[in-house]
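Enquirer:
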Amino acid sequence: MKSTRKSQSAILSKLGIEALNEMQEQAALAIDSVDEVILLSPTGSGKTLAFLLPLIAILDEDIPEVQAMIIVPSRELAIQIEQVARDMGSGYKINTVYGGRPFSKDKLELAHTPHLIIGTPGRLADHMRRGTFSTEWVKMLILDEFDKSLEIGFEEEMDEIIYNLPNAYRKILTSATQGVDIPDFVDLKKPMTIDYLADGVKKLDIKAIISPDKDKLDTLVTAIRHLGNQPAIVFLNFKDAINRVSDHLDDCDIPHGCFYGGLDQHDRERAL
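Numbering (our numbering), first residue to last: 5 to 276.
Structural data, given as structure tokens:
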């Protein structure tokens, strides 16, 4: 069978990335050399690519089974990682499972077994209990933002998942928080820690914009246009404020998406 595996340089080229940053290079080197890695780095620093590249490299296209699993605290992060993984164009089958959508949809998609599965602890544990897919070939486990999964009460499900992955000898834990305790059930023996959190604090650039008017809509538009094509996130306190700002951005022909707790699953996925 013809190989579908792409080289790292081909993947980076497809993503439009000229080179890995220092953190990504160190993380890739560590993941290649040891079985257990704790990666501490600020949000937005590129942790997803840092663990996806070595993960893709260990997958075996001749084994039609789940070989790696990524556990995340939220459906939004699951969708984000899935998109990056698909954009890499690795040729491997990837599926995402999470609460908030029909279990039957998951089961239908998993009927064609993926090489990599990404999901939230609750939904992954549910699939494993029902035997939706085999875990025998899972050799790499990634706990992305693992401290967040613990904070929102997924400790029991994470314990259950890890217990039922006896062959997952390679483990990667990521976090954007310093000094987080790692539960015993993760069963790390001699992990290597890559810590870039201190660097992230030093490089943080905060600027204040003074609005000449009490209504800050025009000032917001000016700031967004100043950013050009760079991505931006606007945080607001209330849903009504989100709708008002969204209407104004529409009037100014500024493409954007809205995201808040009241959105149904379809609108959440569309916004992302």
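Ideal placement from N, C-alpha and C gives every residue a C-beta, glycine not left out. Only a predicted model underlies this, so the values are computations on that prediction, with no experimental measurement involved.
Any heavy atom of the ligand ZN inside 7 Å of the beta-carbon of T178?
Expert: With respect to the ligand ZN, the structure shown offers nothing to examine, as it has no ligands at all.
Enquirer: Given this structure, state the Cα-to-Cα distance separating L192 from L33, to the nearest angstrom.
Expert: Spanning the two alpha carbons is a distance of roughly 19 Å.
Enquirer: Which same chain residues, not among the five before or five after E140, have their C-beta less than 8 Å away from its C-beta?
Expert: If we look at E140 and ignore the five residues flanking it on each side, its Cβ neighbours are E69 and N171.
Enquirer: Per DSSP, what kind of secondary structure is L169 in: helix, strand or coil?
Expert: Coil.
Enquirer: Who are the near neighbours of L253 in its chain, counting only those whose CB is closer than 6 Å to its CB and skipping five residues on each side?
Expert: Around L253: H260.
Enquirer: Closest to F242 by C-alpha separation, out of A236, S250 and P235, would be which residue?
Expert: It is S250 whose Cα lies nearest to the Cα of F242.
Enquirer: Count the CB pairs spanning the stretch 157 to 174 and the stretch 88 to 108 that are closer than 8 Å, and state whether there are at least three.
Expert: Because the criterion of three Cβ pairs below 8 Å is not met, the stretch 157 to 174 and the stretch 88 to 108 do not touch.
Enquirer: Smallest Cα separation from R105: which of H119, I75, H116 and I83?
Expert: Per the Cα distances, I83.
Enquirer: Mind checking G157: buried by the 16 CB within 10 Å criterion, or exposed?
Expert: Exposed, by the Cβ-count rule.
Enquirer: Name the residue from A23, Y102 and D151 whose alpha carbon lies nearest to the alpha carbon of G126.
Expert: The shortest C-alpha separation from G126 is found at Y102.
Enquirer: Kindly indicate which three-state DSSP category V41 falls into: helix, strand or coil?
Expert: Of the three classes helix, strand and coil, the one that applies to V41 here is strand, per DSSP.
Enquirer: For the alpha helix (DSSP H) containing M92, list its first residue and its last residue.
Expert: Counting along the chain, M92 falls outside any alpha helix (DSSP H), and DSSP gives it neither H nor E.
Enquirer: Counting along the chain, where does the beta strand (DSSP E) carrying R174 start and finish?
Expert: It spans R174 to S179 - the beta strand (DSSP E) in which R174 sits, taken as one unbroken run.
Enquirer: Among the residues of its own chain, which have a CB less than 8 Å from the CB of L169, if the five just before and after it don't count?
Expert: Counting only Cβ-Cβ distances below 8 Å, and skipping sequence neighbours, we find M73, T139, V142 and L145.
Enquirer: A212 by DSSP, collapsed to three states: which one?
Expert: It is coil, neither helix nor strand.
Enquirer: What residue does the alpha helix (DSSP H) around N247 start on, and which one ends it?
Expert: K243 to D255 is the extent of the alpha helix (DSSP H) around N247.
Enquirer: Would you mind working out which of I210, G183 and L19 sits nearest A202, comparing C-alpha positions?
Expert: When each option's Cα is compared against that of A202, the closest is G183.
Enquirer: Which residues share a DSSP beta bridge with I74?
Expert: Paired residue(s): I122 and I146.
Enquirer: Of the choices S37, L120 and I213, whose alpha-carbon is the least far from that of F137?
Expert: Checked all of S37, L120 and I213; the closest Cα to F137 is L120.
Enquirer: Taking 8 Å as the cut-off, decide whether the C-beta atoms of T282 and L44 are in contact.
Expert: With the chain running from 5 to 276 in the structure shown, residue 282 is simply not present.
Enquirer: If you draw a straight line from the alpha carbon of T181 to that of F55, how long is it in whole angstroms?
Expert: One C-alpha to the other measures close to 17 Å.
Enquirer: Starting from the Cα of G48, find the closest Cα among R174, Y264, E149 and D255 and give me that residue.
Expert: The candidate whose alpha carbon is nearest that of G48 is E149.
Enquirer: With 16 as the cutoff for other CB atoms within 10 Å, does Y200 come out buried or exposed?
Expert: The residue in question, Y200, is buried, as its Cβ has 16 or more Cβ neighbours within 10 Å.
Enquirer: What did DSSP end up calling D1 once you bin it into helix, strand or coil?
Expert: Given that the chain is displayed from residue 5 to residue 276, the structure contains no residue 1 and the question cannot be resolved.
Enquirer: Using DSSP with H/G/I as helix, E/B as strand and the rest coil, what is D163?
Expert: Helix at D163.
Enquirer: State the beta-bridge partners of N25 as determined by DSSP.
Expert: According to DSSP, which records beta bridges pairwise, N25 is partnered with nothing at all.
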